[in-house]
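Residue numbers (our numbering): 4 to 369.
Okay, structure first, notes after.
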Ligand code: AHG
Ligand code: MN
Ligand code: MN
């Protein structure tokens with residue numbers, strides 16, 4: 004398609020807004036600022052070890068090596084990506100506050116700027132363990148409405164203001180810094196995909212209506228955790244591994260990138276199922292991934308594309324958050340596979356290890 008006929012992200016947003024003649028345009032403007040933050044991060048990621056755009060190691064603006072609230076060591080790009088999101092979005096008057104994986108507490112909009120009616124929640128760099136090995140990483144974001152009391156009073160935001168179920172998200176998306184940089188976005192009317200045209204510095208609409216196929220023969224799970232899995236997950240994976248000879252009657256492929264954002268993208272493009280389920284590795288952690296800035300935005304994208312996102316027990320978008328950095332078990336992707344995994348959780352007695360049926364097929368049993 005000639006460049007002149009392609010829609011930019013700006014045009015897509017304006018066309019979407021026309022569905023709501025009363026809309027102010029604040030949401031669009033906020034999304035464009037977030038997309039600029041993503042472009043800035045994409046640039047730094049692309050320069051890699053050349054370090055263009057990265058603060059020098061001595062620079063106190065990016066004190067990497069510290070632990071974040073999850074006890075994970077922050078990479079320089081985790082810290083810098085967080086800064087970029089904050090600086091690109093805090094000035095525009097559309098936000099009442101922000102929260103991120105890399106900040107224990109919500110970020111307050113500085114007094115120099117007006118406050119607005121939205122909340123921005125983000126994971127500035129997802130898959131950051133992959134950054135040193137030049138494998139795809141991304142940024143994930145979720146936009147919520149600030150509680151009316153916050154908007155009316157203009158008061159500082161607190162953790163409780165962000166504890167909204169995923170169904171209330173106004174918009175969600177991610178940028179993927181892969182061989183090309185892409186932005187996948189939902190404003191509640193399906194999912195659109197944009198590819199960064201590096202010559203123009205513009206996200207161009209390349210995937211106008213993304214749909215997740217209902218069926219798949221591809222699953223993604225970190226099987227090094229198999230000894231900690233709950234019986235329904237073991238059953239599901241064992242049945243996939245048994246392939247054509249097993250109850251599924253077809254062979255499956257397995258993938259694991261260790262960047263959830265890249266797995267989500269593969270699944271949006273061609274289907275599949277992703278599992279980072281609740282397991283019994285650490286009784287203090289309900290899962291690996293975080294509800295508000297990983298599971299909910301990706302869950303909304305997947306559901307808006309016709310797929311399904313679940314904890315294994317219930318739709319993830321219906322989980323009332325208890326805390327800002329809450330972890331959760333997450334299963335998402337092709338609808339029929341996710342529903343199957345949910346069914347297995349509802350009939351756990353059939354999944355108990357030790358039953359002849361299960362033991363026979365349990366390839367991960369030690
Ligand atoms: P983050 O880099 O934001 O901390 O998230 C990493 C997450 C997710 O992207 C990925 O699916 C998962 O961690 C990988 O976990 P394992 O290291 O257990 O494979
Ligand atoms: Mn992450
Ligand atoms: Mn991260």
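For every residue, glycine included, the Cβ atom is placed at its ideal position computed from N, Cα and C.
Under three-state DSSP, which class holds residue i?
i	result
residue 196	strand
residue 328	coil
residue 159	coil
residue 22	coil
residue 166	coil
residue 322	coil
residue 152	helix
residue 52	helix
residue 293	strand
residue 314	coil
residue 146	strand
residue 267	helix
residue 272	helix
residue 1	Lying before the first or after the last residue shown, residue 1 is absent from the chain, which here runs from 4 to 369.
residue 72	coil
residue 258	strand
residue 334	strand
residue 446	No answer is possible for residue 446: it lies beyond the span of the chain, which begins at 4 and ends at 369.
residue 353	helix
residue 285	coil
residue 309	coil
residue 28	coil
Between residue i and chain B, is there a C-beta pair that is closer than 9 Å?
i	result
residue 327	The structure shown contains no chain B; it holds only a single protein chain.
Compare the Cα-Cα distances from residue i to each of the options and report the closest residue.
i	options	result
residue 214	83, 336, 314	336
residue 229	279, 209, 128	279
residue 114	99, 235, 107	99
residue 165	326, 330, 196, 339	326
residue 90	110, 56, 30, 31	110
residue 328	14, 71, 31, 54	71
residue 212	191, 317, 128	191
residue 123	224, 108, 103, 239	103
residue 159	167, 204, 112, 146	112
residue 1	140, 97, 176, 201	As shown, the chain starts at 4 and ends at 369. That puts residue 1 outside it, with no answer to give.
residue 170	189, 180, 258	189
residue 225	282, 137, 270	282
residue 316	289, 154, 243	289
residue 118	148, 126, 142	148
residue 378	134, 77, 172	Residue 378 lies beyond the residue range present for the chain, which begins at 4 and ends at 369; the question has no answer from this structure.
residue 344	84, 18, 237	237
residue 298	136, 320, 77	320
residue 162	108, 338, 140, 133	108
residue 86	75, 101, 76	101
residue 30	174, 264, 203, 193	174
residue 305	296, 284, 268	268
Between residue i and the rest of its own chain, which residues show a CB-CB distance below 6 Å, the 5 nearest in sequence each way excluded?
i	result
residue 184	45, 199
residue 291	279
residue 81	105, 128, 131
residue 36	91, 92, 95
residue 266	223, 260, 277
residue 294	324, 329, 331
residue 250	242
residue 205	11
residue 120	149, 154
Please list, in chain order, all residues of the same chain as residue i whose beta carbon is under 8 Å from its beta carbon, the five residues on each side excluded.
i	result
residue 246	253, 254, 255
residue 341	276, 310, 311, 312, 313, 334, 335
residue 26	20
Can you give me the Cβ contacts of residue i inside the same chain, cut-off strictly under 7 Å, excluding the 5 residues immediately before and after it?
i	result
residue 196	185, 187, 209, 210, 213
residue 84	44, 127, 128, 142
residue 302	169, 312, 319, 320, 335
residue 374	Because the chain is modelled from 4 through 369, residue 374 falls outside the range shown and cannot be assessed.
residue 41	142, 178, 186
residue 219	274, 275, 276, 336, 337, 340
residue 232	280, 282
- Entirely enclosed beta strand (DSSP E) segments - the segment 82 to 139, minimum 3 residues: 98 to 103, 121 to 129
- Within the segment 176 to 255, ranges of the beta strand (DSSP E) (whole runs, at least 3 residues): 184 to 189, 195 to 200, 205 to 210, 221 to 223
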